[in-house]
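Asks: Just so we're aligned, residue 115 is where the sequence shown starts under the working numbering, counting upward by one. Glycine is no exception: its CB is placed at the ideal position from the N, C-alpha and C atoms.
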Amino acid sequence: MKQECYAFICALDQWHNFLSVIKLIWETDHKPLTQLNQKAQINKRCGRWRLKILECNFKVKYIPGLTNSMPDYLSRSPIHDAEEDLDEIKHLISTSTQTDFLNVNNHSSIVTAVQPRAMKPNFK
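1) Which residues bound the alpha helix (DSSP H) around Trp-163?
2) Give me, in chain order, the residues of the same chain whose beta-carbon lies closer than 8 Å to that of Ile-136; leave out the 5 immediate sequence neighbours on both sides.
3) Would you call Ile-167 buried or exposed, if buried means 16 or more other Cβ atoms sit within 10 Å of its Cβ?
4) Can you give me the C-alpha to C-alpha distance between Phe-132 and Leu-138, rounded to a whole angstrom?
5) Residues in the same chain with beta-carbon distance under 6 Å from Gly-179, minus the five sequence neighbours each way, listed in chain order, please.
6) So Lys-175 is in the beta strand (DSSP E); what residue range does that whole segment cover?
7) On a CA-only basis, which of Ile-123, Cys-119, Thr-148 is nearest Tyr-176? Give me that one, please.
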């Protein structure tokens, strides 16, 4: 019961601005959730959730699991590993600087090339 109730609480938090102004019908295949707004809870967490849920104008509608196949499919469908996003890789390459690719041993030639004129022997 806790997981399904927590999912509903998260949805209420996320969409509170929209859900607080409409009459909501919460369809679930979890029968104990149908009595959540009707009786006090033994667990303190569920009691807090009940108080939060009661702030909304909603009705719980029980749908037996056999006739409620789409949510079951969505919650149990396998999730495949995401493919690498090539745009993301291009962004990483374009944000790196040219100095990232310099060889550490070649820094002495760069330093002598940018010496001020006052330090060069042919300065007039």
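Replies: Working from what's here:
1) Locating residue 163 in the sequence shown gives position 49, where the first residue counts as 1. According to the DSSP assignment, Trp-163 belongs to the alpha helix (DSSP H) that extends over 158 to 168.
2) What you label residue 136 is simply residue 22 of the sequence shown in a count that begins at 1. Hits under 8 Å: Asn-171.
3) Position 53 of the sequence shown, counting from 1, holds the residue named residue 167. Classification of Ile-167: buried, given that the 10 Å Cβ count is 16 or more.
4) As a first step, residue 132 is located in the sequence shown; it is residue number 18 there, counting from the start. As a first step, residue 138 is located in the sequence shown; it is residue number 24 there, counting from the start. Straight-line Cα distance between these residues: approximately 10 Å.
5) Walking along the sequence shown from the start, residue 179 turns up at place 65. In the same chain as Gly-179, and ignoring 5 residues on each side of it, the C-beta atoms closer than 6 Å to its own belong to Asp-143, in chain order.
6) Here residue 175 refers to the residue found at position 61 of the sequence shown. Its beta strand (DSSP E) spans residues 172 to 176.
7) In the sequence shown, counting from the first residue as 1, residue 176 sits at position 62. That would be Thr-148, whose Cα lies nearest to the Cα of Tyr-176.
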